[in-house]
Every structure is written in structure tokens, then in C-alpha cells.
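Residue numbers (UniProt numbering): 1 to 520. First comes the structure, then the notes that go with it.
In C-alpha cells:
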């Protein structure tokens, strides 16, 4: 991280200068609409932004979940099942829209208005959300537009892309800005006022500070394949220790669930996942095949087929028994029919909140970092905490007999720290993020190139994970899996083609090029 220091300092100065200037323009009163005021207070921006974070991740999760082997299209062989894309379509483009439109200038205005009102808590939250947006976008797409984003210049018609090193530098710099503002108590800082727009933490700045440290840890651990110039496992461990202390700190975006307009994108009211079926991979992680004992979380998270058996779908073939009514797999809502408003749903496929970041995820980040460092005692402690936290996230008690038995199994939690494996850590993290941690799990899979072998144990990191055969991959893939998502079609391939050509995104197999973050 030392190489980032000069850049980060410069960027922080620029950020401060940019927000310190105000426009000198004075518009005629006749151009003002009292129903749509020119100056909207920060509190009114925040709630819609938080809501769109969850909704838009869910939108693209329908496709990314197939890449991740979370689930597959019931008939198999969809473009996403085969690691392809959707030509001339905005499918898989919602995260792009989220960052550049739903958050976009709205977030800039929120930060600006917070600055003007000396509401440093809103400014800090704004920088935290901008950092989260850039990190999510670059992890998903690779190169993204940062320097040229949000420039209000009517003569500008081409928006150049920035590479991932710049994107990550920007994320860390914004996180540091967020912490600086969130730690301020002067001016117009007020928990009651922040709570007006804060759906998640009700104005509690201490939890936003924890979220920012968690974001830094997530970003740094994604760089674990890089040299020490970029990756420092000690930083990951330290930042996790300053982040979430329990599930009480989880970042969960709530929804009322009264109608499609205010319902969780994953839930039964919106009915966006009826055509998907859980993968055989997640079933094997939980039915005892990989960890030697049936996981007590399985009935909470997964569904059976109509005959009551736990099984999963295949990427190419889908649900192989779908034509037999008595054996067809239920959908993620636990139903044999399409859900409707009023159905309870199942696990995260319900009207409950959408998780953006959890304590369990961060503990597994810490475990992986400690494992990479060779600190096996710390790795085992964090790994154990991660499993326990997710069990509680599922609504189970650590004192339940089935849970006690599971946690006592040395194939799940070894007594000797030196018996802990990277495969255990990454597969248990996969379980803990199944169904909602779409981008973070894809980061992990790509770091280990889907099917890498851990040289320390000779074991596949993601035990039992399989890809379609090269001959079965999407036609433009040339036999390779996806490593990035193409930029949004309607904003980029229609309007910004010259910039796309500079990064090679005009090529049919662009989505198969490995991202910088996962390369050595």
C-alpha cells in the first residue's frame, strides 16, 4: 500500500477542493419549480440510494448467480449458465446503471449538500457509498469510468475507462475520506438527522465507521493474489478487527414488502427467481458430501424436490427431473408454483432485508488473510466465528443439538489449527454468502480460477466445483469461463464505442479476459 500513499494524498486534496467550491450561477426565479426544488437536503437522497443498492445487486444476481453456481436456470444452458452474455441487451447491466445513474449524480448532490450544511455524517456516508459503488463496479466489470464520470459537460461525447489499479486506489482513498468525516462531531452532525435518511443504521455513525473498515478489508482481501505492493494480510486482519463485532452490525437494507414497489428483489412479491433451481454444488457442500455431516443450515437455506429429497440442478442440463412432477425441484421460495404477495418465501428469498455486508463474511476474509500469512491460530478462530455467526444469521442457536454436533465434527472445525485448510475457509464462506453475496463470491471464485488446487494440500479450493466443458461454453467464449462482465449495452455499446475499443471491449470474448485483481 505504500505506493498508493502519494496518489491517495493527492486525491484527498482534490476531493476536498472539489467539494469546497460552489456554483456562482444565479438562475431566474421563473426557472424554479417549488415542487422540484433545486437544492434537496441530504436526508432525502440517502434512502432511495440505499434501496437501489440492494435492488440492483439482485437484478444482476439472476445471472451472476449462475456464474457462481448458486443456482441454474431450470432447463439449463442459459447464456449465464454457460458463462456467456446477452448481446444487444442490458441483461447483466444493472450494477452499471446503479453506479452511474441510480447512485451517480444523486450521491454527488447528497455529498455536496452535506458539505454545504456541515452535515459531515452525511458526507462520510456519501464517500463510503461511493467507495462501495466503485469497488462493486470494478470487481464486476474490470475497467470502469471514474475520472470522466459525472462531468457535466454538454460537449463531452466520449468517456474513457480507468484500469483496476486506479479504481482500487480510488476506493481506498474514498474510504479514508469517509472515515475522516464520520469521525467528526462538529457542525451539523446529528444522529437524529442522519436517521431520517439512514434506513440501515438509523443514524449510528459508529456502525457506518465499522462498515467502512469492512469495505477496506473486503477490497484488500480481493487483492490476495497480488504482491505485497498491493496486498497486506495484516491490514485485512486489523481492519476486520475494527469492523463488525457481531451480526448486530450487519449492513442489511430493509424493505416493507407491501407491493412490488417496496419489496425485496429476491422476495416472493417480486417473483424474480421462480425459474431458477439451487445448484448441486451448494447441495454437496451442505449434505455431508464435502464436510462429512449434514449441515443444520440446509433445511433453512435449501429446498427439496417434490419427493422431499435434497438435490440440485446442473448448469448444462438444469433440473434433470423437471418433467416428472413428483420429482421436480422446488424453486428457491420453496414452492412448486410461482410465488405471490403474501407467501413467506425462504431464507433470503423472502421479504426480509437484503444483506450488503455481514459479520460472517468479514470473519472469513480474516481467516483467509491469516491463512495466507501462516497465522493458523488466528485463521481457525476467525473461521469458527464465521461459521457460528452464519448459523445464527440463519435463525439457529449455537446450543441446538444438531448445531453442537456439527460444530464438534473435526471435518468441519478441526481442533488443531494446522488441520484447517484453505478449502474449508472458502467453501464455508461460499455457504455463508450463498443467495446474496453475488459479487464477493465471484471474486473468490475468480481469485482461484474456479477450479484451482491448493498447493499446500493438493485439494481443490472450491471442493467439487465444476465448469461446463469447453465445448459447452457460450459460443463467443472460445472454451473459456467468464472473468468480467461487459459494460452496460445501452450506455456504452450504443454511445461510447470508441472508448470501448481502447480497452478491447468490442471483441466477442472480452468477458473471458481475466481481471487485474486476480492476476499475480
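Note that the Cβ used here is the ideal one computed from N, Cα and C, for glycine as well.
Three or more beta-carbon pairs separated by less than 8 angstroms are not found between the stretch 284-301 and the stretch 363-370, which leaves the two stretches without contact.
In the three-state reduction of the DSSP assignment, residue 349 falls in the strand class, which pools E and B. The stretch 434-444 and the stretch 60-72 touch, with three or more beta-carbon pairs separated by less than 8 angstroms. Spanning the alpha carbons of residue 330 and residue 307 requires a straight line of approximately 10 angstroms. Below 8 angstroms, too few C-beta pairs join the stretch 76-84 and the stretch 287-294 to call them touching: fewer than three. Fewer than three Cβ pairs drawn from the stretch 136-148 and the stretch 108-118 lie within less than 8 angstroms of each other, which leaves the two stretches out of contact.
Sequence-distant partners of residue 419 (beyond 5 residues in either direction) whose C-beta falls short of 8 angstroms from its own C-beta, in its chain, are 410.
The stretch 319-336 and the stretch 344-352 touch, with three or more beta-carbon pairs separated by less than 8 angstroms. Taking a cut-off of 8 angstroms on C-beta distances, the stretch 390-406 does not touch the stretch 370-381, as fewer than three cross pairs fall below it. Counting along the chain, no beta strand (DSSP E) covers residue 172; the unbroken alpha helix (DSSP H) around it starts and ends at 164-182. Straight-line measurement puts the Cα of residue 94 at about 27 angstroms from the Cα of residue 196. Contact check for residue 429 and residue 386: beta-carbon distance about 7 angstroms, within the 8 angstroms limit, so the pair qualifies. Rounded to whole angstroms, the gap between the alpha carbons of residue 92 and residue 60 is 5 angstroms. No Cβ-Cβ contact shorter than 8 angstroms links residue 119 with residue 192.
Ranking 505, 444, 494, 476 by CA distance to the CA of residue 519 puts 444 first. Excluding residues up to 5 positions away in sequence, 174, 177, 178 lie with their Cβ nearer than 6 angstroms to the Cβ of residue 127 in the same chain. For residue 55, the closest alpha carbon among the candidates 351, 503, 212 is that of 351.
Residue 279 is bridged by DSSP to 313.
Around the C-beta of residue 156, fewer than 16 other C-beta atoms lie within 10 Å, and the residue is accordingly described as exposed. In this structure, DSSP gives residue 234 a helical state, which the three-state scheme calls helix. Runs of the alpha helix (DSSP H) spanning 4 or more residues and lying entirely within the stretch 487-516 occur at 497-502, in chain order. In the structure shown, the three-state DSSP call for residue 71 is strand. Secondary structure of residue 251 (DSSP, three-state): strand. Pairwise C-beta distances place the stretch 503-520 in contact with the stretch 477-484, as three or more of them are shorter than 8 angstroms. DSSP places residue 354 inside the beta strand (DSSP E), whose first and last residues are 354-357. With fewer than 16 other Cβ atoms from the protein chains shown falling within 10 Å of its own Cβ, residue 150 counts as exposed. The beta carbon of residue 376 lies closer than 8 angstroms to those of 370, 417, 418, 420 in the same chain, with the five residues before and after it left out.
Nearest to residue 186 by alpha-carbon distance, out of 153, 115, 198, is 115. In its chain, beyond the 5 residues on either side, 423, 451, 452, 453, 454 have a beta carbon closer than 8 angstroms to the beta carbon of residue 460. For residue 454, DSSP records a beta bridge to 459. Scanning its chain for C-beta atoms nearer than 6 angstroms, with the 5 sequence neighbours on each side dropped, one finds around residue 184 the residues 120, in chain order.
Boundaries of the alpha helix (DSSP H) around residue 427: 422-433. Our two residues, residue 135 and residue 392, have alpha carbons roughly 28 angstroms apart in a direct line. Rounded to the nearest angstrom, the gap between the Cα atoms of residue 201 and residue 359 is 15 angstroms. Between residue 319 and the set 487, 53, 75, the nearest pair of CA atoms involves 75.
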